[in-house]
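Working notes, beginning with the structure itself.
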Amino acid sequence: GQQLNQSPQSMFIQEGEDVSMNCTSSSIFNTWLWYKQDPGEGPVLLIALYKAGELTSNGRLTAQFGITRKDSFLNISASIPSDVGIYFCAGQNAGNNRKLIWGLGTSLAVNP
Amino acid sequence: GAVVSQHPSWVICKSGTSVKIECRSLDFQATTMFWYRQFPKQSLMLMATSNEGSKATYEQGVEKDKFLINHASLTLSTLTVTSAHPEDSSFYICSARGFGGSYNEQFFGPGTRLTVL
C-alpha cells in the first residue's frame, strides 16, 4: 500500500538538543497526524493538524501542516531521555473510512 | 479519555491452531475499528477496517478467511487468526475511532505480540 516518505530514518542526539523530522507525500491530505510508539506498545497520538499552514504545539512538540498539503514536519525542543521512541507521521483524507497512510517512521535515540 | 485495550498482550501458540485477539474501547463508543500488523522495525500495515454491525473491509493481499474480524458491538472487535503459521508471528495492533469531538481520530491499543511455533 501507499506509504509516506519520512526522514530522517533515525537520529541519535544529545539530551537538550532540538530535533526535526518531516514527512512528504505525492498526494494531498486533509489531515496530518504525528504519533509516537514506544517499544512493545501501540502508537500514541501527539499532534493532529487539520488545516493547511496550521502550526500546532503540544508542550515541547511543534508540528506544521504544509501549505501544499503534501508535507508536514515535527519539531521537538530540548529533548529528554523519555523522547526516545519511533515517531510516525500519517496522512488522512475524508472517505474510505478515513484510513491512515503511514510514514516509515523516525527512530529517535537520546544520549543523556 | 480515549482508552483502547487489547487482550491478550502476548500469546504463543502451536502451528495450526487459532488465536483470538480482543480490542475494546473502554470509555467511548467506537463506530470504526482498524486492525494492523507490524513487523520489527517497520511501519504499521493496515489489515482491515470494520464498522460496527457490518462486514469488515480487508486490504489487498489480506486473506479474509484467515483473519476473521468481528465487530459485534460499539466497544468490542475481535481478530481471529485461523490455522496460524510461523509467518503469522507479528505484533497486532487495533485502533478505534468514535464519532465527534476528541474521539474523531484513531486511538490505538497497546498491541498483541503473537508468536507461532
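Residue numbers (the numbering used here), protein chains in the order written: chain U, -11 to 100; chain Z, 251 to 367. Where a beta carbon is used, it is the ideal one built from N, C-alpha and C, also for glycine.
- For Ala298 of chain Z, the uninterrupted beta strand (DSSP E) segment begins and ends at 295 to 301.
- The C-beta distance from Arg274 of chain Z to Thr325 of chain Z rounds to 6 Å, short enough to fall under 8 Å.
- Among the residues of chain U, none has a CB under 9 Å from the CB of Pro258 of chain Z; the nearest is roughly 13 Å distant.
- DSSP, read as helix, strand or coil, puts Glu5 of chain U in coil.
- Within the region 30 to 61 of chain U, the residues whose Cβ lies closer than 8 Å to some Cβ of chain Z are Gly30, Pro31, Val32, Leu33, Ala36, listed in chain order.
- When Cβ-Cβ separations below 8 Å define contact, Gly359 of chain Z makes contact with chain U.
- In terms of Cβ geometry, Phe358 of chain Z and Val254 of chain Z form a close pair [threshold 8 Å].
- Comparing C-alpha distances from Ile55 of chain U to each of U:Tyr38, U:Phe0, U:Pro69 shows the shortest one belongs to U:Tyr38.
- Shown in chain order are the members of the region 76 to 91 of chain U whose Cβ falls below 8 Å from a Cβ of chain Z: Phe76, Asn85, Arg86, Lys87, Leu88, Trp90, Gly91.
- Gln(-10) of chain U is outside the set of residues whose beta carbon lies under 8 Å from a beta carbon in chain Z.
- Of the residues assessed, Ala322 of chain Z falls on the exposed side of the cut-off, its CB having fewer than 16 other CB atoms within 10 angstroms.
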